[in-house]
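When you read off a place in the sequence shown, starting at 1, and then add 466, the result is the number in the numbering used here. Working notes for the structure below.
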Amino acid sequence: MTATGREGTATGTGTGTGTDSAPGPVPGTGIRLTAPAPGWSIEADVVVVGSGVAGLTAALRCAAAGRRTVVVTKARLDDGSTRWAQGGIAAALGDGDTPEQHLADTLVAGAGLCDEAAVRTLVTEGPDAVHRLIRSGARFDTAPGGDEIALTREGGHHRRRIAHAGGDATGAEISRALVEAVRAAGLRTIENALVLDLLTDAGGRTSGVTLHVMGEGQHDGVGAVHAPAVVLATGGMGQVFSATTNPAVSTGDGVALALRAGAEVSDLEFVQFHPTVLYLGPEAEGQQPLISEAVRGEGAHLVDADGTRFMVGQHELAELAPRDIVAKAIMRRAHEQGVTHMHLDGRHFGAQMWETRFPTILAACRSHGIDPVTEPIPVAPAAHYASGGVRTDLRGRTTVPGLYACGEVACTGVHGANRLASNSLLEGLVFAERIAADLTERPAPDPAPDSAGDRAPASAPRTTLPLLAPETRTAVQRIMTAGAGVLRSAESLARAAAELDRIHREATRAGAGTAHKSPEPGVEAWEATNLLCVARVLVAAAQRRAETRGCHWREDHPDRDDASWRRHFRITLDADRALTLRTTATAGFPPTTAP
């Protein structure tokens, strides 16, 4: 299929026509999760959903500017994806390094689909943002005998520009510093709360969120936070696959919420599978231990079943090639040898280096009966990072007025078809600051007079979305792993799409009372429903993109095709729950609607 500037639709998802232009006012779909009516509410100027580096940075900046800011997070403040980041945060901090060099490495990794303006913003504002993070209390490892930040290399980087903390506990340190800053500033936080849907006024503008608080506290059950600005910083959707490095809370809630609100999402087909995840067997499911790219950055080698290094000669950077290249090489060699995994050999590090530089990884390996000091580590790719998400401009503004997004839930254009190692924490930091600047540079808008009623426009009557049974989550994960994992083909994707559509139809019939009774509203049912939503979008985009690019690997289309596919999909959810895919005319995105 040749991409054009016209709107199109993947098989089985709906139809539509139109041109690739900036969207007008967004009326919303009128679709909501089935949930009880809010039993309580609070007022704010800004509600930030998520408590990773992106969410807490945005919240701190908004609060410092005098905005009444509420942070809503699905677990505890320090339980998001940020704390699991091992390797570090990339920025041009070292002697001889420059933002231009960082930009060049990022563009190469993104395989022709990065937005260069977004990348330039990231790399030029990144160093100062890191220094502000340090002033907020984050403590990075320093070089022996000095105060300079110790820097290492990771895949795709030609320079040592990765700042780390606690050896391999960078995310945990950043999370600690930001959580302490939030508590010191006295920000209002609502923990253990799953955000359900966006509230909008009669004109389609954001007016807050509904949420469900789990457990006892000041609030319990379903409630609402009314605010004229909502910042989504909900993290990723790694739990859509059976094996992932993501925590259990990463169920695509932000992307699903944005789709129901009428926002555009892009690049969801580009899911990065981290090449070196501790292999725990073919039946392993859920969150798997990550073996940071920094281990290879310090000189560990990938070896096959015969103990032979296989990355030498495949790329100029060998084991430090971009992640998609390493993941593909691991899969190819495993298939050639009829095995399920490769090995990462760092025995030459010695015990002291493992204990001081990689204590977290060493402990994780030993807890599973593997000692990296004396034996190679079994590794295989697993779902790690969503390069796409809710489409934004350079100020984090989505196509829905008043709705912002940053961090892994967002598609800023920085990552293109494949994220460069350790750019994720930096992206969350830089674009969170830009969102806060956009919100605080303008007068705080008055709350919409009808915000409490959440009156959807007449063109989009409100409907409730049938829920999936909690056990469906496992079925969705297995379908996605089998059909839309590291290796994809027209056949595997068609099979996945058919199985997901079957689940969708059965839930719809149950909701209409013509089949089994729909599940009762609850966290597990809401999460399963969100996972199905993002899975259908991912598969639809992967079916349409008939090429191999970045971390999207089509076995039946093994080559990159710039003439046809150096462009993006803009995906929306229609009021009838069908997906509409528009194809951009170029690799650039059209503007979003300003809030």
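Even glycine gets a Cβ: it sits at the ideal position worked out from N, Cα and C. Just so it is clear, the structure is predicted and the values come from calculations on it, not from any experiment.
Residue j beta carbon less than 8 Å from that of residue i
i     : j     : result
T700  : G674  : no
S732  : C877  : yes
P867  : T672  : yes
Q548  : G612  : The question names Gln, but residue 548 is Thr in the sequence shown. It is not a contact, given that the beta carbons lie outside the stated cut-off.
A616  : T608  : yes
A629  : G603  : no
A575  : R885  : yes
G763  : R619  : yes
L543  : E657  : yes
L1004 : V737  : yes
G1016 : D790  : yes
V889  : G718  : This sequence places Asn at residue 889; Val is not what is there. It is not a contact, given that the beta carbons lie outside the stated cut-off.
Y870  : A695  : yes
E735  : A964  : no
G704  : H850  : yes
L746  : Q754  : yes
S984  : P932  : yes
T865  : T1059 : yes
Nonlocal neighbours in the same chain, by C-beta distance under 7 Å from residue i, ignoring five residues either side
i     : result
R944  : S708
H624  : Q567 and D571
H1023 : A1012, E1013 and T1014
A524  : V514, V697, A699, C872, A898, I901 and A902
R1020 : R954, S955, A1012, E1013 and T1014
P915  : At P915, the pLDDT of 47 sits below 50, so the modelled position is not reliable; the number obtained from the coordinates is stated separately. Excluding positions up to five away in sequence, the list is empty.
A627  : Here residue 627 is Arg; the residue named in the question, Ala, does not match the sequence. Once the five neighbours on either side are set aside, the close Cβ partners of R627 are A556, A557, A558, L559, G560, D563, H568 and L617.
A750  : A709
A922  : Only weak support is given to the placement of A922: the predicted model assigns it a pLDDT of 41, under 50, and the question is left unresolved by the model.
G879  : C580, D581, A584 and F1055
Contact set for residue i: own chain, Cβ-Cβ below 8 Å, skip 5 residues either direction
i     : result
G480  : Legend: pLDDT at G480 = 39, less than 50; position of this residue unreliable, value from coordinates given subsequently. Correct list, in chain order: D1040, D1042, A1044, L1045 and T1046.
V989  : L660, H678 and M680
A948  : S958, R961 and A962
R1092 : In this structure the chain extends from 467 to 1061, so residue 1092 is not present and cannot be described.
Q780  : A787, I791 and A795
I836  : L744, I843 and P844
Beta bridge counterpart(s) of residue i as assigned by DSSP
i     : result
E1128 : As displayed, the chain neither begins before 467 nor continues past 1061, which places residue 1128 out of reach and without an answer.
R1073 : Here the chain comprises residues numbered 467 to 1061, so residue 1073 is not present and cannot be evaluated.
E509  : H692
M808  : V845
F556  : Looking at the sequence shown, residue 556 is not Phe but Ala. Bridge partners of A556: I628.
R618  : It is worth fixing the name first, because residue 618 is Thr in this sequence and not Arg. According to DSSP, T618 bridges with I628.
R954  : R1020
V769  : R775 and H809
T608  : I615
T710  : Q753 and A849
R1015 : H1018
Extent of the continuous alpha helix (DSSP H) run through residue i
i     : result
I600  : E582 to R601
T865  : Note, T865: premise wrong, no alpha helix (DSSP H); not H, not E.
M819  : A817 to R823
I656  : That residue, I656, is in no alpha helix (DSSP H); its beta strand (DSSP E) goes R654 to I656.
T535  : It is not in any alpha helix (DSSP H) - T535 instead sits in the beta strand (DSSP E) that spans T535 to V538.
R1011 : Segment: none, R1011 is in no alpha helix (DSSP H) and carries neither H nor E.
K983  : Neither: K983 is in no alpha helix (DSSP H) and is coded neither H nor E.
H814  : No alpha helix (DSSP H) contains H814, which DSSP labels as neither H nor E.
L522  : V519 to A530
L886  : Counting along the chain, L886 falls outside any alpha helix (DSSP H), and DSSP gives it neither H nor E.
A1053 : No alpha helix (DSSP H) holds A1053; DSSP gives it neither H nor E.
Span of the beta strand (DSSP E) around residue i
i     : result
F1035 : F1035 to L1039
L698  : A695 to L698
P844  : I843 to A852
T659  : With the sequence shown as reference, residue 659 is identified as Ala, and Thr is not the correct amino acid for it. Run containing A659: A659 to T666, per the beta strand (DSSP E) assignment.
G674  : T672 to V679
I836  : That residue, I836, is in no beta strand (DSSP E); it is neither H nor E in DSSP.
R498  : I497 to L499
H685  : H685 -> no beta strand (DSSP E), and no H or E assigned at all.
L1045 : L1045 to T1049
L579  : That residue, L579, is in no beta strand (DSSP E); it is neither H nor E in DSSP.
T548  : Premise fails: T548 is in no beta strand (DSSP E) and is neither H nor E.
T930  : T929 to L931
Nonlocal neighbours in the same chain, by C-beta distance under 6 Å from residue i, ignoring five residues either side
i     : result
A994  : L934, P936, T938 and R939
P825  : G633
V536  : A510, V513, R654 and V691
W506  : H685 and G689
T1038 : E730 and T1046
R534  : A510 and D511
T974  : P932
- prompt: Fully enclosed by the region 712-765, which beta strand (DSSP E) runs are 3 residues long or longer?
  reply: 737-744
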